Amino acid sequence: MPGQTPSQTVGPFFHDSLSWPGAETLIGSATKGERIEIVGRVLDSDGAPVPDALLEIWQANAAGRYAHPEDGQLKPIDPAFRGFGRCASDAEGRFRFATIRPGRVPGRGNALQAPHINLGLFARGLLRRLVTRLYFEDAPENAEDPVLALVQDPARRATLLAKRVAGDRAVYRFDIVLQGKGETVFFDC
Amino acid sequence: MTDLPEYRREEPGAQPPALHPAYASTVKRAPQQPPIRLPHTLSELTGPQWDRSVLRPSDDDLTRQNKGAPLGERIIVTGRVIDEDGRPVPATLIEIWQANACGRYIHPRDQHDAPLDPNFRGEGRVMTDDEGRYRFVTIKPGAYPWRNHANAWRPAHIHLSLFGPAFVTRLVTQMYFPGDPLIPLDPILNGVPDPAARMRLVAAFDLETTKPEWALGYRFDIVLRGRAQTPPLG
């Protein structure tokens, strides 16, 4: 059996090659669903901004279906939504995505998952990708989500909940703390 | 609904830990809490898929993206992307970036005192064919200094980013060159615990790929995580 190719850091010099213009906007005029924005910062153990992170998101469409051949659910495909976004953090560690609120997708067994966005993070100083999930703080479905239930400590679970920013538009704030106080929950998948 | 089969988990010796103090940038960025093991649901078993429409002309030849030829030693890099069962990974996107022959990136934050080459951006993209094969032409990148420790130099390397079929098969890695004396000294490569797995990141010189009177060839196969069982069709 051939062995896995090891992961190596993305390094500090990926920007032009990996951040496509417009990659942080997952939606077009024809995309179905409730428009939302995700904003946040990436911070290190000193609370200092991480200015050289690459964030990638992957999510289901508004109906809760992934644009992928293995998702055989009887739910509509949205031809105007791929579900992948990419954003490099800026000098202040900030990132921003424009997308739609995903629908619910099944978990293992008969469980149903709460709406969530899968997030991968690369940076100088990370020899491997970090994986986390963004849930919506105001979603009642969170109470029955099988993945949130894996995180016992409520303070740690709260690191996975994006908070609605006051205002007319649906903007959610999701800061990512790589290490130390308030460290975001990361997953081994 | 029947659960789809999971992917195999990471091979412990092959994948580096979060914290590797010899690589100084990990010290303030590596999470301290152990990651929580996630069962594989549709969220993990799916992932972005691309077709050839994302490829631009000359994406597979980094020496032909500008008016003139870049300086440096022209090389051909080829290989196969397969999974842990040896099955080809077809139609997967590979993104490529690298320093020029002098060891300088076009990136604005790269302050290394070495010349930029107006004929070299150092960025490319290729997609694997039905057999998982890929091939691109570039120039051999130079070594360059970094501030990790006294007199620290990165071995020559090419960055590669791959998607594979699922969110969990995503891989960003680096390819090194055989015989490079900096390889044993590199804290980033040495972050891979198993020395045999480390050597998987060193390409092999390949006379068959080498094109007479034109360019040396290197072979670099990439192994993505495989499936515990074959997923049912449909």
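Chains A and B, in that order, are what the protein sequence lines are.
If you're matching positions, the first sequence starts at 1 in our numbering and goes up one per residue.
If you're matching positions, the second sequence starts at 1 in our numbering and goes up one per residue.
The beta-carbon is built from N, C-alpha and C at its ideal position, and this holds for glycine as well.
Since the structure is predicted, the reported quantities are computational estimates derived from the model, not experimental observations.
- Going by C-alpha positions, residue 130 (chain B) is about 45 Å away from residue 164 (chain A).
- For the segment 151 to 163 of chain B, the set of positions with a beta-carbon nearer than 7 Å to some beta-carbon of chain A reads 159 and 161 in chain order.
- The Cβ atoms of residue 176 (chain A) and residue 101 (chain A) lie no closer than 9 Å to each other.
- A straight line joining the alpha-carbon of residue 148 (chain A) with that of residue 156 (chain A) spans about 10 Å.
- Excluding sequence positions up to five before and after residue 20 (chain A), its CB lies within less than 8 Å of the CB of 86, all in the same chain and listed in chain order.
- Counting every other CB atom within 10 Å of its CB across the protein chains shown gives residue 159 (chain A) a total of 16 or more, marking it as buried.
- In this structure residue 171 (chain B) touches residue 5 (chain A) by the C-beta definition: roughly 6 Å separates them, less than 8 Å.
- Per DSSP, residue 123 (chain B) lies in no alpha helix (DSSP H) segment; the continuous beta strand (DSSP E) that holds it begins and ends at 123 to 127.
- For residue 58 (chain B), the secondary structure class from DSSP, reduced to helix, strand or coil, is coil.
- The C-beta of residue 134 (chain B) comes no closer than 9 Å to any C-beta of chain A.
- The shortest C-alpha to C-alpha distance from residue 27 (chain B) to any of A:189, A:185, A:184 and A:179 is the one to A:179.
- Three or more beta-carbon pairs drawn from the segment 116 to 129 of chain A and the segment 52 to 67 of chain A are found closer than 8 Å, and the two stretches are therefore classed as touching.
- At a cut-off of 9 Å between beta carbons, residue 120 (chain B) makes no contact with chain A.
- DSSP lists A:57 as the beta-bridge partner residues of residue 85 (chain A).
- Chain A places no beta carbon closer than 9 Å to that of residue 229 (chain B), leaving this residue out of the contacts.
- A buried status is given to residue 161 (chain B), since no fewer than 16 other beta-carbon atoms sit within 10 Å of its beta-carbon.
- For residue 87 (chain A), the closest Cβ of chain B is not nearer than 9 Å.
- Between residue 214 (chain B) and residue 74 (chain B), the alpha-carbon positions lie close to 8 Å from each other.
- Residue 39 (chain A) sits in a strand when the DSSP states are folded into three classes.
- A check of alpha carbon separations from residue 60 (chain A) across A:45, A:84, A:42 and A:43 identifies A:84 as the nearest.
- In terms of Cβ geometry, residue 204 (chain B) and residue 220 (chain B) form a close pair [threshold 9 Å].
- Three or more beta-carbon pairs drawn from the segment 128 to 142 of chain B and the segment 84 to 97 of chain B are found closer than 8 Å, and the two stretches are therefore classed as touching.
- Here residue 13 (chain B) is not near residue 187 (chain B), since their CB atoms are 9 Å or more apart.
- Every unbroken stretch of the beta strand (DSSP E) spanning 3 or more residues and falling wholly within the segment 25 to 100 of chain B is given here in chain order: 74 to 83 and 93 to 98.
- In this model, residue 143 (chain B) and residue 111 (chain B) are separated by some 14 Å (Cα to Cα).
- Take the alpha-carbon of residue 216 (chain B) and the one of residue 146 (chain A): they are about 52 Å apart.
- Under the 9 Å criterion on CB atoms, residue 27 (chain B) is classed as interfacial with respect to chain A.
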